[in-house]
Amino acid sequence: MYSLDRALAWLSFVLVSLTILVGPWVFGTWEAWHFWPAATLIFVSAFAFAIRLLLKAYRAEIFGRSNWRPSGGPGKSVQAGFLFYTVFLAYAFLRAMRSEVHTDAERSFLLFLTPALVGAQVAFSFSARQNRTLFLMMAANLVLLGLYGVLNHVLFKNAYTMWLPGEPQYQTGFYRATGSYVCPDHFSGIMEFALAIGLAFAVTQRSPAGLRAGGLATAALALAGIFFSKSRGGGLTVMVMLPACLVFCLFTWGRRARLYLRLATALAGPALLAALLLTGNSYMERFSSYFGFTKDSERPTLTEVRQRLSSTARGTMFSAAYRAWKTSPAFGIGAGMHQNLWPHFAASPDGNRKTMDWPKRINNQWHSYEVHNDWLQLLEEYGLVGLILFMPPLFCLAMALALLRKQQRGENSPWMNSVLISSAIMALIAMTFHSLGDFNLQMPATTWMLSALLCFPLHEAVWSSKSRTNTDRTDGTDTYTPS
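Going by the numbering used here, the sequence shown opens with residue 4, and the numbers climb by one from there.
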């Protein structure tokens, strides 16, 4: 029975690792012929995990003991978070079953289910050594993704995205790095993960000097990738992540050292930002042109800026999604139904069928598959009930990370745990903010990476010190000793 458990443990680890590492290289597994094989690997790994759970229950009944013991507040927050998320998944499943377009509803539901399956295995099934190994492999993979994106941009002007010709719409007016993703904004999203990991290594006090230097290099590469992607959302996210790092991720340093580091950054940060703003570069040109600021035009008024933003593609999608949500505010228009109902809400709402008045903005020239705002799309498709049900697990996750961060302030705490906690905190902040203006979390590979990053530190929360002593084996499996 032990050999079976060991084989199943390694099967789950290999399949999940393969999915997380390969997924970003096949265009973020956006297309169905990439998504379904990857999802199948996750399902098989989850099935192996389920068999391990049955074996654990069987052996616990025989030996009269259980190996999983939540360690205080963080562990209870993790358990509550998974419980609340199960309630949300049940609601999402019911909404998907009632959706009129089954394939789109199925994909929408799986974008919530598959990250949960990945996260549950990272938190409850993998050993601490397996999690550290997967984390380091993810960091190395993100470095390779960043190098590919930067070199493909600098040397080849993004003529190809992997083995396919690049989308010309992203190279019109401004050359934008796409990396292995089709859209530069999504490449910027995974570079934010690289930035989170790099900064975590750099700011953790007891991390080895070599890894700290590697973290700084990774952070620099991530910033270069975001800069070359010319993602406005990515740039704003960086401006949120860096202060967040100073506030939340210096917990391994003493109080005086934290003060000096924050003061030094407070002086250097604005100087670097001013240099970026005042130096003529295509990134800032693209950023300012979005608000109507160009070299050859007069400075627009605030009213003109608001009118311009409302007439942009995102402004049009946001207003259409809001109007769609108002038709069914409690339960939403249905899982995955945004793209299908888009023609009904794409035009401006000032048309009148009775008087035969056409809308001022017909908007029949392009189609919206996603809202470019994950929070608004959640509200639109799953309603206020879905949004409310999604909040408790998110709150429990943030609470668990906060409690783990508090526990790691001791001088003898493992430095790697601090790196995992800091990476999770910054990844959560990055995606929570960037999702206000893009649909990174509609990219399956991005959701799986985010789930793993968030659940790496949670592993420490769901295993008591006594359990870890008996279970943290080098082969990644658990041992059971009769009482």
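Note that beta-carbon positions come from the ideal geometry of N, C-alpha and C, so glycine has one too.
- Beta-bridge partners assigned by DSSP to LEU167: THR164.
- In the DSSP assignment, LYS329 falls within the unbroken alpha helix (DSSP H) covering 316 to 329.
- For PHE251, the closest C-alpha among the options ILE432, ASP441, THR22 is that of ILE432.
- ALA222 and SER102 have their C-alpha atoms spaced approximately 42 Å apart.
- Separation of GLN368 and SER232 (C-alpha to C-alpha, rounded to the nearest whole angstrom) is 25 Å.
- The beta-bridge partner set that DSSP reports for ASN355 consists of ASP360.
- Taking the Cα positions, MET242 is about 11 Å away from HIS437.
- ILE193 and PRO168 have their alpha carbons spaced roughly 21 Å apart.
- When DSSP states are grouped into helix, strand and coil, GLU103 belongs to the coil group.
- CA-CA distance, GLY152 to THR181, rounds to 6 Å.
- Here DSSP, grouped into helix, strand and coil, assigns THR255 to coil.
- Residue state for LYS59 is assigned as helix, using DSSP reduced to three classes.
- When C-beta atoms of the segment 78 to 91 are compared with those of the segment 450 to 467, three or more pairs fall below 8 Å, so the two segments count as touching.
- Within the same chain, PHE177 come within 6 Å of SER285 by CB-CB distance, once the 5 residues on both sides are set aside.
- For a cut-off of 8 Å, the C-beta gap from GLY26 to PRO447 is around 7 Å, short enough to register as a contact.
- With 16 or more other Cβ atoms inside 10 Å of its own Cβ, ASN366 counts as buried.
- Counting C-beta atoms within 10 angstroms of its own C-beta, VAL422 has 16 or more neighbours from the protein chains shown and is therefore classed as buried.
- The DSSP-derived three-state label of VAL374 is coil.
- LEU18 and PHE85 have their C-alpha atoms spaced approximately 22 Å apart.
- Residue burial annotation: HIS370 is exposed, with fewer than 16 other C-beta atoms found within 10 angstroms of its C-beta.
- As summarised for the segment 258 to 287, the continuous alpha helix (DSSP H) elements at least 4 residues long and confined to that stretch are 258 to 281, given in chain order.
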